[in-house]
Structures are given as structure tokens and as C-alpha cells.
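Engineer:
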Amino acid sequence: MKIAVASSNGTDVSSHFGRSGCFVVFTVENGTITAQELRNNPHGQGGCQCRGTRHGDQPHNHAQIVDALRDCQIVLCGGIGRKAAQELEAVGVRPIVIQPTGSARQVVEAYLGGNIETREEFGCNH
């Protein structure tokens with residue numbers, strides 16, 4: 002299984018999925034982290050500007066991020082807009098909103114141990 006964590010700097014959890022600079026992707030086998038890799042956020046390198054329905058001069062979507070995370074089963078982040086969450090879910094990736102504290106590795110370990118508080122609501126406050 003692969004778990005991605007939205008990150009602003011490759012270490013800490015980002016408070017916003019679309020504006021994260023990158024994603025730390027962990028490979029998990031038998032409940033243990035066995036590998037870690039860093040993937041850049043292809044969606045304008047963290048420049049998601051979800052105002053209205055357009056992104057710059059193009060209709061707004063998250064296809065590049067979804068493609069970059071398509072092999073993951075879970076994405077942990079501090080916040081995510083409803084549309085981005087729906088686009089991930091459509092390809093079988095489960096977005097989970099968490100309190101963005103600690104390192105990416107710490108939140109994955111907490112998630113695996115069942116020791117992380119999650120929120121069911123999605124929303125974008127920008």
C-alpha cells in the first residue's frame with residue numbers, strides 16, 4: 002500500500018492539499034513503512050488557486066495531481082477542497098483530513114497505529 006502526505010517542504014504536513022509543494026509517498030508493507038519517496042506537486046508546484054471554477058485561463062481541475070498520486074491508496078493532508086477530494090476518490094484514492102502537526106512520517110506512523118484524529122469534512126478556505 003502507498004500513503005501520500007501533502008507537504009510544504011518535504012518533511013512537515015501541509016495544511017492544504019492543492020497548495021502543497023510536494024507529496025511524501027510512503028510504501029507500507031504489513032503495517033510497516035518500507036520505503037519513502039518525494040514527488041513534486043505538478044499542479045503549479047503548490048500554486049493551486051481554487052477561486053471559482055477557473056485556474057488561470059484554464060478550467061480548474063486537479064488532473065495532474067491525481068495522475069501523480071494514482072498509485073496511492075490514501076492521501077493525508079491538513080485540508081482539501083471538495084472537488085479535489087472527489088477527483089481523488091474517483092480513481093480509488095482516499096483523501097483523509099488530519100491535524101497538520103508533526104512530520105509526514107510521524108502522521109503515517111500514527112495513522113498505521115490507529116492513533117490519529119481524522120475529520121470527515123472537506124473544505125477550502127481560500
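Residues in the sequence shown are numbered consecutively from 2, following our numbering.
Don't be surprised by glycine CBs; every beta carbon is placed ideally from N, CA and C.
Looking at the secondary structure, which residues open and close the alpha helix (DSSP H) in which Arg106 lies?
Structural biologist: Ala105 to Leu113
Engineer: In angstroms with no decimal places, state the Cα-to-Cα distance between Ala86 and His44.
Structural biologist: 15 Å
Engineer: Just to confirm, is the Cβ distance from Cys73 to Lys3 under 9 Å?
Structural biologist: yes
Engineer: Would you report the Cα separation of Arg106 and Val76, rounded to the nearest angstrom?
Structural biologist: 13 Å
Engineer: Could you tell me which residues DSSP puts in a beta bridge with Val98?
Structural biologist: In the DSSP assignment, Val98 is bridged to Cys78 and Arg120.
Engineer: Examine the Cβ distances between the stretch 85 to 101 and the stretch 22 to 37 and report whether three or more of them are shorter than 8 Å.
Structural biologist: no
Engineer: If you follow the alpha helix (DSSP H) that Val67 is part of, which residue opens it and which one closes it?
Structural biologist: Ala64 to Leu70
Engineer: Expressed to the nearest angstrom, what Euclidean distance is found between the alpha-carbon atoms of Arg83 and Thr119?
Structural biologist: 16 Å
Engineer: DSSP three-state label for Arg83, please.
Structural biologist: Of the three classes helix, strand and coil, the one that applies to Arg83 here is helix, per DSSP.
Engineer: Going by DSSP, what residue range makes up the beta strand (DSSP E) through Arg20?
Structural biologist: Segment: none, Arg20 is in no beta strand (DSSP E) and carries neither H nor E.
Engineer: Across which residues does DSSP place Ala1 in a beta bridge pair?
Structural biologist: With the chain covering 2 to 127 only, the question about residue 1 has no answer from this structure.
Engineer: Leaving out five residues before and five after Tyr112 in sequence, what residues of the same chain have Cβ atoms less than 8 Å from its Cβ?
Structural biologist: Ile4, Ile75, Leu77, Ile97 and Ile99
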